[in-house]
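To start, the structure under review is shown below, and the notes come after it.
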Amino acid sequence: MADASFDAVVIGGGQQGLVVSNYLAMNGMSVGLFEKHNELGGAACSSPVPAAGFIGNPHAEHLGFWNSPCNQDFRLHEKGLNFIFPEVMASMAFTNEKCFVFYSATKWDKETGAITPQMDIVMKNINEVARISPKDAEKLAKLVEKDYWEFAAALFLHLYSPPPLPGEPDYIEMQLNNPESFLDPRYPFMTEYEIICDLFESPELQTYCMAWNHYNGVYADDVAPLTMALLWLSTILGTAGLACAEGGTHNVAHALQRALAEQGGQFFVEADVDQVSVENDRACGIRLADGTEVKARKLVVDSSGAEEIINRHLRDVSIGPEIRRKVNKLRHDRSQFFWGHIAFHELPAYRAASWNPDVGKARWLLMGDPDPEYIFRDYRYQTQNIKPGHFPTKMYPTASVETQWDPSYGPPGKHLAMIGSGGAPPASWLNEREWILVKQQIGDLIATEWQKYAPNMTRDNIIAFNVGTPYDHFQKNPGWVDGDVQPPAIIPSQWGKNRPIPELAQYQVPGIKDFYLASGHHNVGLLGCSGYNCYKRIAHHLGLKKPWEGRMI
Ligand SMILES: Cc1cc2nc3c(=O)[nH]c(=O)nc-3n(C[C@H](O)[C@H](O)[C@H](O)COP(=O)(O)OP(=O)(O)OC[C@H]3O[C@@H](n4cnc5c(N)ncnc54)[C@H](O)[C@@H]3O)c2cc1C
C-alpha cells in the first residue's frame, strides 16, 4: 500500500517542477512535489558566496523569467518576486579603450505582463554602435525597420510553445518564409561566424556577438539553432530584458513555492525519487530511494534530466531501445563555463569610461580584444583544452556588479560582482585533481584580466572570490550532465522538435500514459518555458484550464 497519494506527483523542485506544479494546483488537483536536495529551486538559488555577508547566485543569474506568464497567473510580485532591470543592459570594454554600452529598452508591466520596447532607447543603442561603426549602425537601423519586431515576437512564441505538431504554427519557419524578414534563408545553415560577418563589419561588434554567445553554448564555428544564433541582437538593441531578482535568484523559487502552498500544494525536500511506478502502461506513482511509495491518482510529471528519467526512473520499464540509445548519446559539450563571484571594496574604474562613463553599470559586461579571427580560429580550441597552468592566450571574461542596482547583495559600502569566462571543457575531460588546480587558478586569472580594463581591480581591492567550474556544476547536479548548464548541447539536432530527442520532444514518453516530462532539457535557461509548455500539453490531454487563451502566450 502507498505511504501517501496525490492527484499529481511532480519529481524535481527546480523552477520547471515548481511552474508545472502551480498550474496543476490551479485546477484544484492535490499536488505533491518531491525534491532530492534540502531546498527547492535547483539552479534558482542564492547562497552566502564568496564570503559571509554577501549573497551570490551560484547558478542562474541573468533572468528572463519575468517573461513567463506564470508571473501574472500566480501574481508572483505579491509573493516576494521583484525584478530589477538595470539601466545598462550590456556593455563591452575593449583593449583599445573603446566600448559599447547598450541601455535597457524594455518596459514591463508586472500586473499585465505587457512588454513595450522603448524606441528612443533602441535608437540610442544604435547610435552607440555608430560611434564605432556607422556601417554597422546603418545595418541595425535597417533590421529594426525591416521586421525585427516580428522576429522578436516569433522567438517569444517559439520559446513559450511546445514544438509544433502537424497543423500548429512553426513560428521560426514562418519567419524564414516571410519575404519581408531580415532573415537570410541561408542563416539556418551558416555558422555563427558566417552570420555575424554577414551582418556586421566592425571587429568590435563581431567580437561582442561571438563573445556573448560563448555564454549561451554557441561557439563561433557552430551552426546553431536560429533562436540561439541571433540572441545577441536583442542585447544590442536593449530589448533582451536581462533582469536581476531583487534579493537573489532564490526569490524565484520562494515565490513559486508560496504560490503552490497557497493553492494547497505540498512539497517534500531530501526526497530522492528512485523510480516511477508504471502499471498497465500507465504512470501511477513513484518510489523514493528510502523505499517510500507515493501514489499518483491522475499523473506523474518528471522534471529531472533526460538521462536520469530514462536510465534511473524508468530503468525497469519497457520503452523503445532507440529512446534509451539516443538519450545516452546526447551531446553535452557546449554550455560549460566558469561562473562565480568576486567580493570587493571599490567599484572598478574602467579605462573605457572615457569613451562612455556608463560602461561599468552593465547587467552583463564583457571584456576583450576585438579580434574576431582569433575567436573563430583559436578560442574554442584553447578554451576547451584548458588544463592547470594552461589557459587561452586571450580571454573574454564577464563581470556584473550586482550591488550597483541591488545593495542587498553585499554589506554596506562593499560590492559583489558575478564573474565568469565563457566556454570551458566538459567536466569529464579533466580529472578531479586537474579541476581543483584549475579552480584555484581561474579566479586569479579573471581578476588579473579585469585589471587590464579596470586598473584598480588589484588584489588589495578584492575581499574574496569563488568561481565554479564545470566539474563543480556536475557535482551539484548530475542533471547538468558533464557540467553542461543548459543541457543538452544547443545544436540543431537537439533543438525544437528534436529536443532532447524527437521521441520525447512532446513532453511524454511514447507508450506510457499519464507521464509527462518538464525538465529544462526541453528548452533553455531560467525562463519557466518547459514547465509551462509541458502543462500546455497536459491541459490539452486532460481538459484542464488554458489561461493562455485570449493572450499571446
Ligand atoms: C552555473 C549555471 C549558471 C546558469 N546561469 C543562467 C543564467 O544566468 N540565466 C538563465 O536563464 N539560466 C541560467 N542557467 C540555466 C538554468 O538555471 C537552467 O536552465 C534551469 O535551472 C533549468 O531548470 P530545471 O527546473 O529544469 O532544472 P534544475 O534547476 O536543475 O532543477 C531540477 C531539480 O530536480 C531535482 N532532482 C533531480 N533528480 C531528482 C530526483 N531523482 N528526485 C528528486 N529531485 C530530483 C534537482 O535536485 C533539482 O532541484 C544556469 C545554470 C547553471 C548550472
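In our numbering, each number is its position in the sequence shown, counted from 1, plus 846. Beta carbons: idealized from backbone N, C-alpha and C, even for Gly. Everything numeric in this text was worked out from a predicted model, so none of it was measured.
When the beta-carbon positions are compared, Leu1088 and His1261 stay at least 7 Å from each other. In the same chain as Ile1232, and ignoring 5 residues on each side of it, the C-beta atoms closer than 7 Å to its own belong to Ala1270, Pro1271 and Val1284, in chain order. Excluding the 5 residues flanking it on each side, His1178 has same chain C-beta neighbours closer than 7 Å at Pro1272, Val1327, Asp1328, Asp1330, Pro1333, Pro1334 and Ala1335, in chain order. In this structure, Ala1364 lies near Val1147, with their beta-carbon atoms less than 7 Å apart. At a threshold of 6 Å, Lys882 counts as near ligand 1, since its beta carbon sits closer than that to one of the ligand's heavy atoms. Under the DSSP assignment, Leu1283 falls in the alpha helix (DSSP H) whose first and last residues are Glu1278 to Tyr1299.
In the displayed model, Lys1207 falls within a helix according to three-state DSSP. In this structure, ligand 1 has a non-hydrogen atom nearer than 6 Å to the beta-carbon of Leu1372. Here DSSP, grouped into helix, strand and coil, assigns Phe1222 to helix. The beta-carbon separation of Val1122 and Leu1176, rounded to 20 Å, does not stay under the 8 Å limit for a contact. Shown here, Ser1339 sits in a helix according to DSSP, grouped into three states. Each residue's CA atom was taken as its position, placing Ile1358 and Gly1131 some 12 Å apart. Gly863 and His1004 have their C-alpha atoms spaced approximately 20 Å apart. If the five residues before and after Ser937 are omitted, its C-beta is found closer than 7 Å to the C-beta atoms of Cys945, Phe946, Val947, Phe948, Val1205, Ala1208 and Leu1211, all from its own chain and listed in chain order. Distances from the CB of Val1119 to the heavy atoms of ligand 1 include at least one below 6 Å.
Runs of the alpha helix (DSSP H) spanning 4 or more residues and lying entirely within the segment 1033 to 1115 occur at 1038 to 1045, 1049 to 1060, 1072 to 1075, 1078 to 1083 and 1096 to 1108, in chain order.
CA-to-CA, the gap between Ile1188 and Trp912 works out to about 26 Å.
At least one heavy atom of ligand 1 sits closer than 6 Å to the Cβ of Gln862.
In the DSSP assignment, Cys1380 falls within the alpha helix (DSSP H) that extends over Cys1375 to Leu1388. Apart from the 5 residues on each side of it in sequence, Thr1085 sits with its Cβ closer than 6 Å to the Cβ of Ala951, Thr952 and Pro963 in its chain, given in chain order. Tyr1196 carries a coil assignment under DSSP once its states are collapsed to helix, strand and coil. As DSSP reads the structure, Leu1145 sits in a beta bridge with Ala854.
As a beta-bridge residue in DSSP terms, Asn1312 pairs with His1187. Take Asn884, set aside five residues on each side of it, and the residues of its chain with a beta-carbon closer than 8 Å to its own are Val1115 and Glu1116, in chain order. With the rule of 3 Cβ pairs closer than 8 Å, the segment 971 to 984 does not count as touching the segment 1241 to 1255.
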